[in-house]
Structures are given as structure tokens and as C-alpha cells.
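Visitor:
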Amino acid sequence: MAASSSQGQHKTVTGYPVPPAQFAAGYPAAAPYPYAAPPPHPNRNNYHPTGPPPPYYNPQPNGPFRRKPTVLCRIIIAAVAVFAVMSIIFFISWLVLRPQLPEFRVESASVSPLNATSSELTATWDFTLLATNPNHKLTIFYDRLTASPVYGGVPLTTAAVPPFVSAKRNQTRVNFKLAVVGEYVGDDVARGIADGKDRGSVRFGVWVAAWVRFKSGVFQSRSRSLRVYCNRVEFTGFARNNGTGTLTGQSSPCEVEL
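Note that UniProt numbering numbers the sequence shown so that position 90 is 90, with each residue one more than the last.
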């Protein structure tokens, strides 16, 4: 009997052993667990027997979807590198050559016949500009030029001007003609021109716009926008020259913006 009692206290079932104290107290034995592994934890979503779950594993690290971005990235990097090298070369060349802005002055000008009545204007201007290139190593190319006669800051018309080249340390004369026939300019402009003509002096201006390139040997800059403002062109002599006015003296230097 003693042997049987001892065997009953240490009796085990398939699965986990039942503690002797629990067995002696009369608790029912746990239901057998049919698998060798321990039962899952109640909170299975946040539980892992050895710590956090392993990171996501990509079964195709060298698949076709990784090759295309790699080739594209290489092309972008190569393009950025070429652009950076070219920018550095251009910047160094620009510093070595030290380009200077050209200088402009109205050398001669005339207007005839000048007739401003009833908000309309009829006139023909002849201008000769003196363009000076102060650079020792750079030739300036002027492309796509346009010119406008101006009164009181208001352009009266716009016309194309032939392109030209200004050599190093040289002066170039640029001749062009601008004309308006019965052009509407408004009451204020027409009245101001007519009053100035009656007094014998009218101040016009001329604006020039162009695309310019600086060149020295193999170096050539990209085209840049150039604007020239000649605002102090005084015309006199209308009474004695049948409505024809000419430039008085020498005009002041024009403003140049690049």
C-alpha cells in the first residue's frame, strides 16, 4: 500500500507533470497536451519565445526591380558630376578673363518731321550709337537687337536692329532708323512733345535690348540679356529746320545692365 501511495503521488500524465501537492489536494489533473512543444502563450500577437520577431526578409535581393533604380541613379550621379565640373571650369575661366560691361553713348541723332497732334505722332529718328568694348581678351557678339525711341519713359515703337560684333579694345558705330506714322501715343505724350517742339527743344531717349556672348579662343559664355538705356537725348532746332531736330552737344553715357 505504501508503495502504491508513493507511486500515486508521483504519477504523471502525457504532457506536463502534475505537482504532488495539487494532486493530493484533489484537484483534477490537467488535460493532456498532445504535442511535444509547450502550449502557446495566451497573448500570441505580442509573444515570441526568444524575443522580438526577425526583420522582414526579401527573398529576391537582386531581383529585376533593384537593377533599374541602380542604373538610373548612376546616370543621375554622372550627369551631376559633369555639370559640376563644367560649372567649375566656366567659373575659373570667367575669373581669369575678367569680363567688363560694354559702354554705350549716343554719338549723333536727328528726328524729322516731328508732328504730334490729336494723340497721334509721326516722326522718324536716326540714331548712331558708339559701342565700346573695354575688354582686353574678350570679343562681344550682339544678337537679336531691338531698339525703341522713348519719351517720358514710354517706348513709342520698337524695331529690329542688325546684329554686330565688337572686337577687343575697340569701338563700333551702330546706325539704325526708327519711324512712326500716325501712331497713337495718348493725349499727354502728344501734348508734351508738341509743347517742347514749340519751345524749340524736345528730350527723347532710346532703349536697346540685345542678347550678347563673350568669346575668347575656345571659351564662349552663354547668351545673356543686355539692356541699354540712353535717356538724355536733347533735340533742338525745330523752328529753323522745318520741323527737324538734331542732337545738341554730346549726350551723357548710357546705362548698361547685364
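Heads up, the beta-carbon is just placed ideally off N, CA and C, and yes, glycines get one too.
Values in this document were obtained by computation on a predicted structure and should not be read as measured data.
Identify, in the order they occur along the chain, each residue of the same chain with its Cβ nearer than 8 Å to the Cβ of R224, setting aside the five sequence neighbours on each side.
Guide: W211, V212, R213 and L258
Visitor: Name the two residues that bound the continuous alpha helix (DSSP H) containing K197.
Guide: D187 to R199
Visitor: Are the CB atoms of V228 and E104 within a distance shorter than 8 Å?
Guide: Looking at the sequence itself, residue 104 is Phe, so the reference to Glu does not match. Yes, the pair counts as a contact, with Cβ atoms nearer than the cut-off.
Visitor: Can you list, in chain order, the residues of its chain whose CB lies under 7 Å from that of V180, leaving out five sequence neighbours each side?
Guide: L121, T122, A123, L156 and T157
Visitor: Would D195 and P163 be called neighbours here (beta carbons separated by less than 8 Å)?
Guide: no
Visitor: Is the stretch 169-178 in contact with the stretch 229-237, if contact means three or more CB pairs nearer than 8 Å?
Guide: As far as the Cβ criterion goes, the stretch 169-178 does not touch the stretch 229-237, which means the pair count is below three.
Visitor: Do you know how far the Cα of R222 is from the Cα of P113?
Guide: 41 Å
Visitor: Work out the CA separation of A239 and G200 for me, nearest whole Å.
Guide: Taking the straight line joining both Cα atoms gives about 6 Å.
Visitor: Report the rounded CA-to-CA distance for V202 versus M86, giving the unit in angstroms.
Guide: 51 Å
Visitor: How long is the line joining the alpha carbons of A159 and V165, rounded to whole angstroms?
Guide: 19 Å
Visitor: Who are Q171's beta bridge partners in DSSP?
Guide: T132
Visitor: Using beta-carbon positions only, say whether D187 and S119 come within less than 8 Å of one another.
Guide: yes
Visitor: Taking the beta strand (DSSP E) that N242 falls in, what are its first and last residues?
Guide: If you look at N242, you'll find it isn't in any beta strand (DSSP E); DSSP assigns it neither H nor E.
Visitor: Residues in the same chain with beta-carbon distance under 7 Å from P99, minus the five sequence neighbours each way, listed in chain order, please.
Guide: N135, L138 and F214
Visitor: Along the chain, where does the beta strand (DSSP E) that runs through L145 open and close?
Guide: T139 to Y151
Visitor: Can you tell me which residues form a DSSP beta bridge with L178?
Guide: W125
Visitor: Here's a check: name, in chain order, each residue in its chain whose Cβ is nearer than 8 Å to the Cβ of W125, leaving out the five neighbours to either side.
Guide: A109, S110, V111, P149, K177, L178, A179, F204 and V206
Visitor: Under the DSSP definition of a beta bridge, which residues are partnered with F104?
Guide: A131
Visitor: State the DSSP-derived secondary structure class of S225, mapped to helix, strand or coil.
Guide: When DSSP states are grouped into helix, strand and coil, S225 belongs to the strand group.
Visitor: In or out: F235 buried (at least 16 other Cβ within 10 Å) or exposed?
Guide: Buried is the call here.
Visitor: Under a Cβ-count criterion, where at least 16 other Cβ atoms within 10 Å of its own Cβ denotes burial, should S252 be classed as buried or exposed?
Guide: Exposed, because fewer than 16 other Cβ atoms sit within 10 Å of the Cβ of S252.
Visitor: With the cut-off set at 8 Å, would you say T117 and A190 are in Cβ contact?
Guide: yes
Visitor: Just mark C73 as buried or exposed, buried being the case when its beta carbon has 16 or more other beta carbons within 10 Å.
Guide: Exposed, because fewer than 16 other Cβ atoms sit within 10 Å of the Cβ of C73.
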